[in-house]
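Q: The structure that follows is given in the form of structure tokens.
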Amino acid sequence: MSGRGKTVIGRDGLADLVAILAEDGYRVIGPQVADGAVVYEPLDSADDLPAGVVDDHDGGHYRLRREADGAVFAHVVGPQSWKRYLYPPVQALWRAERHGKGFRVIEEPADDGRDAFIGVRPCDIRAMAVHDRVFDRGDVVDGGYARRRRDAFVVAVNCTRAGGTCFCVSMGTGPAAGEGFDLALTELVGDNGHEFLVEAGSAAGGGVLDRLGGRDATAEDEAAAEAAVGQAAASMGRHMAADAPAVLMANLESPHWDGVAARCLACGNCTMVCPTCFCTTVEDATDLGGQVAERRRRWDSCFAADHSYIHGGSVRRETSARYRQWITHKLATWHEQFGTSGCVGCGRCITWCPVGIDITEEVRTLGGADKGD
Amino acid sequence: MVQVEGLERLLLEHPLFEGMADEHRDLIAGCAANAVFEAGRYVYRQGGPADRFYLIRHGSVALEVHVPGREPFIVETLREGDVLGWGWILPPFRLNFDARALQLMRAVSIDAACLRGKMDEDHELGYQLYRRFMPVIADRLAASRLQIVDMYGHPDDYVRT
Amino acid sequence: MPTAAAATLEPMTPVPFRVLGMRKELPDTYTLDLAPADGDGPLHFAPGQFNMLYHFGVGEIPISISGDPAATDRLTHTIRSVGAVSRGMGTLKAGDMVGVRGPFGSAWPVDEARGRDVVIVCGGIGLAPLRPAIYHILANRPSYGRLVILYGARSPRDILFRRELERWGGRLDTYVDATVDRATGEWSGNVGVVTNLIRHSGFDPVDTIAMVCGPETMMQYTVEALRDRGLDNTRIYLSMERNMKCAVGFCGRCQFGGAFVCRDGPVFRFDRIAPIFRVWEF
Numbered sequence: 180m181s182g183r184g185k186t187v188i189g190r191d192g193l194a195d196l197v198a199i200l201a202e203d204g205y206r207v208i209g210p211q212v213a214d215g216a217v218v219y220e221p222l223d224s225a226d227d228l229p230a231g232v233v234d235d236h237d238g239g240h241y242r243l244r245r246e247a248d249g250a251v252f253a254h255v256v257g258p259q260s261w262k263r264y265l266y267p268p269v270q271a272l273w274r275a276e277r278h279g280k281g282f283r284v285i286e287e288p289a290d291d292g293r294d295a296f297i298g299v300r301p302c303d304i305r306a307m308a309v310h311d312r313v314f315d316r317g318d319v320v321d322g323g324y325a326r327r328r329r330d331a332f333v334v335a336v337n338c339t340r341a342g343g344t345c346f347c348v349s350m351g352t353g354p355a356a357g358e359g360f361d362l363a364l365t366e367l368v369g370d371n372g373h374e375f376l377v378e379a380g381s382a383a384g385g386g387v388l389d390r391l392g393g394r395d396a397t398a399e400d401e402a403a404a405e406a407a408v409g410q411a412a413a414s415m416g417r418h419m420a421a422d423a424p425a426v427l428m429a430n431l432e433s434p435h436w437d438g439v440a441a442r443c444l445a446c447g448n449c450t451m452v453c454p455t456c457f458c459t460t461v462e463d464a465t466d467l468g469g470q471v472a473e474r475r476r477r478w479d480s481c482f483a484a485d486h487s488y489i490h491g492g493s494v495r496r497e498t499s500a501r502y503r504q505w506i507t508h509k510l511a512t513w514h515e516q517f518g519t520s521g522c523v524g525c526g527r528c529i530t531w532c533p534v535g536i537d538i539t540e541e542v543r544t545l546g547g548a549d550k551g552d
Numbered sequence: 003m004v005q006v007e008g009l010e011r012l013l014l015e016h017p018l019f020e021g022m023a024d025e026h027r028d029l030i031a032g033c034a035a036n037a038v039f040e041a042g043r044y045v046y047r048q049g050g051p052a053d054r055f056y057l058i059r060h061g062s063v064a065l066e067v068h069v070p071g072r073e074p075f076i077v078e079t080l081r082e083g084d085v086l087g088w089g090w091i092l093p094p095f096r097l098n099f100d101a102r103a104l105q106l107m108r109a110v111s112i113d114a115a116c117l118r119g120k121m122d123e124d125h126e127l128g129y130q131l132y133r134r135f136m137p138v139i140a141d142r143l144a145a146s147r148l149q150i151v152d153m154y155g156h157p158d159d160y161v162r163t
Numbered sequence: 042m043p044t045a046a047a048a049t050l051e052p053m054t055p056v057p058f059r060v061l062g063m064r065k066e067l068p069d070t071y072t073l074d075l076a077p078a079d080g081d082g083p084l085h086f087a088p089g090q091f092n093m094l095y096h097f098g099v100g101e102i103p104i105s106i107s108g109d110p111a112a113t114d115r116l117t118h119t120i121r122s123v124g125a126v127s128r129g130m131g132t133l134k135a136g137d138m139v140g141v142r143g144p145f146g147s148a149w150p151v152d153e154a155r156g157r158d159v160v161i162v163c164g165g166i167g168l169a170p171l172r173p174a175i176y177h178i179l180a181n182r183p184s185y186g187r188l189v190i191l192y193g194a195r196s197p198r199d200i201l202f203r204r205e206l207e208r209w210g211g212r213l214d215t216y217v218d219a220t221v222d223r224a225t226g227e228w229s230g231n232v233g234v235v236t237n238l239i240r241h242s243g244f245d246p247v248d249t250i251a252m253v254c255g256p257e258t259m260m261q262y263t264v265e266a267l268r269d270r271g272l273d274n275t276r277i278y279l280s281m282e283r284n285m286k287c288a289v290g291f292c293g294r295c296q297f298g299g300a301f302v303c304r305d306g307p308v309f310r311f312d313r314i315a316p317i318f319r320v321w322e323f
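Below, the structure written as structure tokens:
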């Protein structure tokens, strides 16, 4: 860890950060605007970052707009999450080649690139910690995930603005990152100019911070950062009921599931944008000559009909059963499996649901709090 | 009579009559007789009047449906401890299946026509017997439904279209 | 598992095995004996566990091990042809190759059952995952109380391991009873549901372990019949089936409430899953 305390860097410091990480051999990935959304893609430089871009979120609604203050991290989260890099949508598992009467299995060479993630929100940092429990169980480890995760450099950004669908405060995951980062930035835009309060969370982060320069943070800087984060927390419009696990498990046969199913399209968007959803399928393919077979792992969704297929049909035929599976897993049974909620309060599933189904509202309705429904 | 005493004891021991009043058990015992069927013999044939039921003491019996041109189709088998025949208790008091002894079958045969008359006179007896036979009928119905489900069937036969 | 498995850290990579033998059991069911293609080393598994079997270029399926746990020179799987992989594997011959990952999952409680009566209730292909437990109990017969094996099948010609069932039934220390859903006049055995066999079999409900495997509907009624006979949920074990792609808890598909059938199952003590067992489509 750096010997320095919290540090303040200027707006230009971001360019230095990107350059230092690239120099250290990282592929530097950060937010940028593409196709009307903030996405996480490799950065050529800090100029790619979405300065002045703000994202408006609501159920089934997402729009970008410009703000004059030029804040780089005024947006919250886009449709992607970092699982795209740590647990890619398609992963080659191995190949098999015919050999005499049998075949030989050839493991895919492990890629050994290292990624630096810039602009990881506290909710997404928690999502990484959740995936650590999923893919590293001690007795069984997903080697690719573990390596990518171990080698990743995480630059967190504390949120100074609440998105329209955020509910991290009620999940205890934000808007400030407590741990799980190498560096954490808090953007300060005000009368004193445009700066970032930087904190190191690891030895590697400390090393980078030492090279970044900047000045020591003052009590005023820290107070300003705290106020900005506090403002985000205070303005968060949604919250998840604390008793969600109990409410869900007590209502497995509620008629309300049919009500959700009447709106749910079973499109699986919520599972694709969720930073913790990890279900996959595998695909087998052969070359035309049938000499080489490949096995790939691909993201899948519990909303897909064949997700629960067992010889002859699906266990969960009804959309109501699939939605119930998704929400009970995310909020309730995840605790049983991994000792944590599978929800981090990022709100993506609400924003990207084409019909605006709101996970927080469904829990409230099931719990009977919403008498108007 | 010694034989009647023996039958009374058999009735007393059968779970079907557990907890029944002595007077009612005596009444039923009065309608009871021993019956033996050789292996392969029909205890009764479908369509006839259901005037008796049997408490199987030994051996087993197959309930069959005869389809012309086919082997008899066995829908259920009953054995020691089971009750054979419930058609006697419900109108139109008709036998619904063929019953064929699979091995030598010993049973207590109860004259139900005699019993039905007594049930009309003594509604408590009627209630007690209905209460005891309804679960038998419900059990058979539930089992038949499960058999129709064909849970061990090959999935190809049940793919949703 | 042979050394080849230990050499890889990737839990998704199969190990090549050779087909030693292929036996047709029923018109749609066959048994494969497998041995590692490279390396030797004993093949250990616990009764109730399963392997992921890969058929070249077609895919991979979870299949319970149906052989004798004491026979460590081979892996035996009994497979019903119901999909592309299981049908494809049905065409394999001795010398052909399959990929194997495993063994995975929980086991039948053969240790906990020591000193107690054991009631095994199975239906259809559900006898296959229980056969290793039966072998184990018979090999250690004095350690167990009464052994009751109850089996239900669709029809007389669908009875799996029929000769073996008859052999077990011929033993003085084992009670075997079978029934079928439908039969014609030539059949002199039972016709009716497997739950009917329970009340006719003598066992001491106070000190019995029940192991149940079959279609989920069959298991639902069997659990009720066992409970009616006085067994409580902690004495009933059953083997669940769900879609599986990875068998190590990564693919998420086999979830049954909070359990992963691949890791926490397939064998569950019933009290663990009782609250969700009859919830529709869960």
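Residue numbers (the numbering used here), protein chains in the order written: chain E, 180 to 552; chain Z, 3 to 163; chain R, 42 to 323. Note that beta-carbon positions come from the ideal geometry of N, C-alpha and C, so glycine has one too. The structure presented is a predicted model; accordingly, all values stated were derived computationally and were not measured.
Along the region 485-499 of chain E, where does the CB come closer than 7 Å to a CB of chain Z? Name the residues.
A: H490, G491, G492
Q: In the DSSP assignment, find the unbroken beta strand (DSSP E) run with R:L279 in it and report its ends.
A: To locate residue 279 of chain R, count along the third sequence from 1; it is residue 238. Start and end: 277-280.
Q: Near R:T117, which residues of its chain fall below 8 Å by C-beta distance, leaving aside the five closest residues on each side in sequence?
A: Counting from 1 along the third sequence, the entry for residue 117 of chain R is found at position 76. Excluding sequence neighbours, R:T117 sits near T72, L73, D74, L75, I106, S107, G108, D109.
Q: Give the straight-line distance between the Cα atoms of R:P170 and R:E227, rounded to the nearest whole angstrom.
A: Along the third sequence, read from residue 1 onward, the residue named residue 170 of chain R stands at position 129. Along the third sequence, read from residue 1 onward, the residue named residue 227 of chain R stands at position 186. R:P170 and R:E227: Cα-Cα distance of roughly 29 Å.
Q: Nearest-angstrom Cα distance between E:A411 and E:G546?
A: Numbered from its first residue, the first sequence carries residue 411 of chain E at position 232. Numbered from its first residue, the first sequence carries residue 546 of chain E at position 367. So the alpha carbons of these two residues sit roughly 27 Å apart.
Q: For the candidate residues R:V302, R:M281, R:Y278, R:G298, whose alpha-carbon lies nearest to that of R:V289?
A: Here the question's residue 289 of chain R lines up with position 248 in the third sequence. Looking at the Cα atoms, R:V302 is the closest of the given residues.
Q: Can you grab the Cα-Cα spacing for the pair E:V313 / R:F309, in whole Å?
A: The count along the first sequence starts at 1 and reaches residue 313 of chain E at position 134. The count along the third sequence starts at 1 and reaches residue 309 of chain R at position 268. Taking the straight line from one Cα to the other gives about 21 Å.
Q: Tell whether a beta-carbon distance below 9 Å holds between R:L61 and R:R115.
A: As a position in the third sequence, residue 61 of chain R is number 20, starting the count at 1. As a position in the third sequence, residue 115 of chain R is number 74, starting the count at 1. Going by C-beta atoms, R:L61 is nearer than 9 Å to R:R115.
Q: Output, in chain order, the set of chain E residues within a Cβ distance shorter than 9 Å of Z:Y154.
A: By 1-based counting over the second sequence, the position of residue 154 of chain Z is 152. Neighbours of Z:Y154 on chain E: none; closest Cβ ~12 Å, over 9 Å.
Q: Between Z:P70 and chain R, is the shortest Cβ-Cβ distance under 9 Å, so that the two count as touching?
A: Position 68 of the second sequence, counted from the start, is the residue given in the question as residue 70 of chain Z. Not closer than 9 Å to any Cβ of chain R, the Cβ of Z:P70 fails to qualify, so no.
Q: For R:M285 versus R:P144, is the C-beta distance shorter than 9 Å?
A: Your numbering for residue 285 of chain R matches position 244 in the third sequence. Your numbering for residue 144 of chain R matches position 103 in the third sequence. Result no, Cβ atoms of R:M285 and R:P144 do not sit closer than 9 Å.
Q: Answer with yes or no whether the minimum CB distance from E:V542 to chain R is below 9 Å.
A: The sequence position of residue 542 of chain E within the first sequence is 363, counting from 1. With 9 Å as the cut-off, E:V542 does not count as an interface residue toward chain R.
Q: Nearest CA to the CA of R:D158: which residue from R:R270, R:H241, R:G271, R:I250?
A: The sequence position of residue 158 of chain R within the third sequence is 117, counting from 1. The shortest Cα separation from R:D158 among R:R270, R:H241, R:G271, R:I250 belongs to R:I250.
Q: By Cβ distance, which residues of its chain are closer than 7 Å to E:V426, with the 5 residues on each side in sequence left out?
A: As a first step, residue 426 of chain E is located in the first sequence; it is residue number 247 there, counting from the start. If we look at E:V426 and ignore the five residues flanking it on each side, its Cβ neighbours are A420, V542, L545, G546.
Q: Quick check on the DSSP output: the alpha helix (DSSP H) that includes E:T344 runs from which residue to which?
A: Residue numbering aside, residue 344 of chain E sits at position 165 when the first sequence is read from its first letter. Neither: E:T344 is in no alpha helix (DSSP H) and is coded neither H nor E.
Q: In terms of DSSP beta bridges, what is R:C254 paired with?
A: As a first step, residue 254 of chain R is located in the third sequence; it is residue number 213 there, counting from the start. R:C163, per the DSSP bridge assignment.
Q: Assign R:P307 to buried or exposed, taking buried as 16 or more other Cβ atoms, counted over all protein chains shown, within 10 Å of its Cβ.
A: On the third sequence, position 266 is the one that residue 307 of chain R refers to. With 16 or more other Cβ atoms within 10 Å, it is buried.
Q: Count the other CB atoms, across all protein chains shown, that sit within 10 Å of the CB of Z:N36; report buried if there are 16 or more and exposed otherwise.
A: Along the second sequence, read from residue 1 onward, the residue named residue 36 of chain Z stands at position 34. Per the 10 Å Cβ criterion, exposed.
Q: Please say whether E:V232 and E:A396 have beta carbons closer to each other than 9 Å?
A: The residue labelled residue 396 of chain E in the question sits at position 217 within the first sequence. The residue labelled residue 232 of chain E in the question sits at position 53 within the first sequence. Contact: no.
Q: If you follow the alpha helix (DSSP H) that E:A536 is part of, which residue opens it and which one closes it?
A: Residue mapping note: residue 536 of chain E aligns to position 357 of the first sequence, counting from 1. Checking the sequence shown, residue 536 of chain E turns out to be Ile, not Ala. Counting along the chain, E:I536 falls outside any alpha helix (DSSP H), and DSSP gives it neither H nor E.
Q: At a CB distance below 9 Å, what residues from the region 193-212 of chain R approach chain Z? Give them in sequence order.
A: Going along the region 193-212 of chain R in chain order, one finds G193, A194, R195, S196, D199 with a Cβ nearer than 9 Å to chain Z.
Q: For Z:Y44 and Z:R102, which I take to be in contact (beta-carbon distance under 8 Å), what is that distance rounded to the nearest angstrom?
A: Mapped onto the second sequence, residue 44 of chain Z falls at position 42. Mapped onto the second sequence, residue 102 of chain Z falls at position 100. Confirmed, about 5 Å.
Q: Taking only three categories from DSSP, how would you classify R:W149?
A: Position 108 of the third sequence, counted from the first residue, corresponds to residue 149 of chain R. The answer is coil: DSSP assigns R:W149 none of H, G, I, E or B.
Q: Is it right to say Z:L127 is buried, meaning 16 or more other beta carbons lie within 10 angstroms of its own, or is it exposed?
A: Start at 1 with the first residue of the second sequence, and residue 127 of chain Z comes out as number 125. Under this definition Z:L127 is a buried residue.
Q: Measure from the C-beta of R:A169 to each C-beta in chain E and report whether the shortest distance is under 9 Å.
A: Counting from one through the third sequence, the residue named residue 169 of chain R turns up at place 128. No, R:A169 lies away from the interface with chain E (no Cβ there is under 9 Å from its Cβ).
Q: Where Z:E78 and R:R223 are concerned, what is the direct C-alpha to C-alpha distance, given to the nearest angstrom?
A: Here residue 78 of chain Z refers to the residue found at position 76 of the second sequence. Here residue 223 of chain R refers to the residue found at position 182 of the third sequence. Using only the alpha carbons, I get a separation of about 8 Å.
Q: Strictly below 7 Å CB to CB, what residues from chain Z border R:G165?
A: By one-based count along the third sequence, residue 165 of chain R stands at place 124. Near R:G165 (Cβ distances below 7 Å), the residues of chain Z are Y154.
Q: Assign E:A403 to buried or exposed, taking buried as 16 or more other Cβ atoms, counted over all protein chains shown, within 10 Å of its Cβ.
A: Mapped onto the first sequence, residue 403 of chain E falls at position 224. Classification of E:A403: buried, given that the 10 Å Cβ count is 16 or more.
Q: Applying the 10 Å Cβ sphere with the 16-neighbour rule, what's the burial state of E:A484?
A: Within the first sequence, residue 484 of chain E is the residue found at index 305, counting from 1. Classification for E:A484: exposed.
Q: Out of curiosity, what's the CA-to-CA distance linking Z:A140 and R:S127?
A: One-based indexing of the second sequence puts residue 140 of chain Z at position 138. One-based indexing of the third sequence puts residue 127 of chain R at position 86. Cα-Cα distance, rounded: 39 Å.
Q: Once DSSP output is grouped into helix, strand and coil, what is the label at E:A383?
A: Walking along the first sequence from the start, residue 383 of chain E turns up at place 204. Looking at E:A383 - three-state DSSP - the assignment turns out to be helix.
Q: Alpha carbon to alpha carbon, what distance is there between E:L193 and E:I208?
A: Walking along the first sequence from the start, residue 208 of chain E turns up at place 29. Walking along the first sequence from the start, residue 193 of chain E turns up at place 14. If you take the alpha carbons of E:I208 and E:L193, they lie about 13 Å apart.
Q: If you follow the alpha helix (DSSP H) that E:D437 is part of, which residue opens it and which one closes it?
A: Sequence index remark: in the first sequence, residue 437 of chain E carries index 258 (1-based). Residues 435-442.
Q: R:F231 bridges to which residues according to DSSP?
A: Mapped onto the third sequence, residue 231 of chain R falls at position 190. Position check: residue 231 of chain R holds Asn in this sequence, whereas Phe was assumed. DSSP output for R:N231 lists R:T220 as bridge partner(s).
Q: Report the rounded CA-to-CA distance for R:D4 versus R:L94, giving the unit in angstroms.
A: This structure leaves residue 4 of chain R out entirely; chain R is present only between 42 and 323.
Q: Of all Cβ atoms in chain Z, is any one closer than 9 Å to the Cβ of R:W228?
A: Position 187 of the third sequence, counted from the start, is the residue given in the question as residue 228 of chain R. Under the 9 Å criterion on CB atoms, R:W228 is classed as interfacial with respect to chain Z.
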